[in-house]
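Chains as they are written, first to last, in our numbering: chain A, 1 to 115; chain B, 1001 to 1115. Worksheet: the structure to be examined is printed underneath.
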Amino acid sequence: EAGVAQSPRYKIIEKRQSVAFWCNPISGHATLYWYQQILGQGPKLLIQFQNNGVVDDSQLPKDRFSAERLKGVDSTLKIQPAKLEDSAVYLCASSLVRLAGGEQFFGPGTRLTVL
Amino acid sequence: AQKITQTQPGMFVQEKEAVTLDCTYDTSDPSYGLFWYKQPSSGEMIFLIYQGSYDQQNATEGRYSLNFQKARKSANLVISASQLGDSAMYFCAMREANTGNQFYFGTGTSLTVIP
């Protein structure tokens, strides 16, 4: 079974530029999560999708961040314009069930550096 | 209030010894799941072990066991017979069934195994 795929793995941009990340979850996983992990901290949930609907985006900085999950499969996360404090690893995860017992499977992450 | 608290920023253990990583949680949801993830320096998040709130017995997975004390709201991870490859960040996480299944992560504990 293929895991969660993310691309690119690394991205370096200048502040005020735009960037987009892509995630392909494990086949059949209805729930998809985007996390931001700043160096030395735990992952912080940015947005959670159930199929192609948003379940929780309360911590997504909506003035600059946007995400979509068309057709309930792949997802993209965009930052426009980027700020220095957006430098972090962006993790995508998916899970099979909505019950409390379903663990998340994580992708390798995208390491973003904003200069 | 923090949903997940990990009070040990860093821990050291001698190879082949056992180590306990602390985790306390805060929830009023009767249905929840507790998870431990390992994050090596390469960055991927690896699922280790799961404990459901209604599980009567402590979860075990190979050298990993979860010391679940429901009344104290603690879910400590015990790693037996530590190996050099266990050196990594360890994150405790909780998923509540009645809040959209959002995952809450702690700040992590950095474990170093000494030869």
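C-beta atoms are modelled at their ideal positions from N, C-alpha and C, and glycine is treated no differently.
What is the DSSP secondary structure of Glu85 (chain A), counted as helix, strand or coil?
If DSSP states are grouped into helix, strand and coil, Glu85 (chain A) belongs with the helices.
Please check if any C-beta of chain A sits within less than 8 Å of the C-beta of Phe1012 (chain B).
Phe1012 (chain B) does not count as touching chain A.
In three-state DSSP terms, what is Lys71 (chain A)?
Three-state DSSP puts Lys71 (chain A) in a helix.
Whole alpha helix (DSSP H) runs in the stretch 1026 to 1059 of chain B with 4 or more residues, listed along the chain?
The stretch 1026 to 1059 of chain B contains no whole alpha helix (DSSP H) run of 4 or more residues.
In whole angstroms, what separates the C-alpha of Thr1027 (chain B) from that of Lys1003 (chain B)?
Rounded to the nearest angstrom, the two C-alpha atoms are 7 Å apart.
Using Cβ-Cβ distances below 8 Å, what residues of the stretch 1047 to 1081 of chain B are close to chain A?
Hits within the stretch, in order: Phe1047, Tyr1050, Gly1052 and Ser1053.
How long is the line joining the alpha carbons of Glu1017 (chain B) and Gly72 (chain A), rounded to whole angstroms?
If you take the alpha carbons of Glu1017 (chain B) and Gly72 (chain A), they lie about 46 Å apart.
Consider the Cβ of Gln1102 (chain B): report whether some Cβ of chain A lies at a distance smaller than 8 Å.
It does; some Cβ of chain A falls within 8 Å.
By how many angstroms is the C-alpha of Asp57 (chain A) removed from the C-alpha of Ser1080 (chain B)?
If I take the Cα positions, the gap works out to 39 Å.
For Thr1107 (chain B), return the contacting residues in chain A, with the cut-off set at a CB-CB distance below 8 Å.
Within 8 Å Cβ-Cβ: Gln41 and Gly42.
For a cutoff of 8 Å on Cβ pairs, would you count Glu103 (chain A) as touching chain B?
It does: the Cβ of Glu103 (chain A) has a partner Cβ on chain B nearer than 8 Å.
Secondary structure at Leu45 (chain A), three-state DSSP: helix, strand or coil?
Leu45 (chain A) falls in the strand class under three-state DSSP.
Counting along the chain, where does the beta strand (DSSP E) carrying Ser1065 (chain B) start and finish?
Start and end: Tyr1064 to Gln1069.
Give the interface partners of Val89 (chain A) over in chain B, defined as CB-CB distance under 7 Å, in chain order.
Residues of chain B passing the Cβ test: Gly1043.
If you draw a straight line from the alpha carbon of Gln48 (chain A) to that of Gln1102 (chain B), how long is it in whole angstroms?
For Gln48 (chain A) and Gln1102 (chain B), the distance between alpha carbons rounds to 8 Å.
Could you check whether the Cβ of Leu45 (chain A) sits closer than 8 Å to any Cβ belonging to chain B?
Yes, contact with chain B.
Identify the contact partners of Phe121 (chain A) in chain B, using a Cβ-Cβ distance below 8 Å as the criterion.
With chain A covering 1 to 115 only, the question about residue 121 (chain A) has no answer from this structure.
Compare the C-beta of Pro8 (chain A) against all C-beta atoms of chain B and say whether one is closer than 8 Å.
No, Pro8 (chain A) lies away from the interface with chain B (no Cβ there is under 8 Å from its Cβ).
Do you know whose CA, among A:Leu77, A:Val89 and A:Gln17, lies nearest Cys23 (chain A)'s CA?
Closest by alpha carbon: A:Leu77.
Pull up the DSSP beta-bridge partners for Gly53 (chain A), would you.
Answer is A:Gln50, bridged to Gly53 (chain A).
Residue range of the beta strand (DSSP E) that Ala1075 (chain B) falls in?
Here the beta strand (DSSP E) through Ala1075 (chain B) covers Ser1074 to Ile1079.
Could you give the distance in angstroms between the alpha-carbon of Thr197 (chain A) and the alpha-carbon of Gln6 (chain A)?
With chain A covering only 1 through 115, there is no way to say anything about residue 197 (chain A).
With DSSP as the reference, label Ser1010 (chain B) as helix, strand or coil.
The question names Ser, but residue 1010 (chain B) in the sequence shown is Gly. Looking at Gly1010 (chain B) - three-state DSSP - the assignment turns out to be strand.
Quick check: the Cα distance between Gln1083 (chain B) and Pro81 (chain A), rounded to an integer number of angstroms?
Looking at the two C-alpha atoms, the distance is approximately 44 Å.
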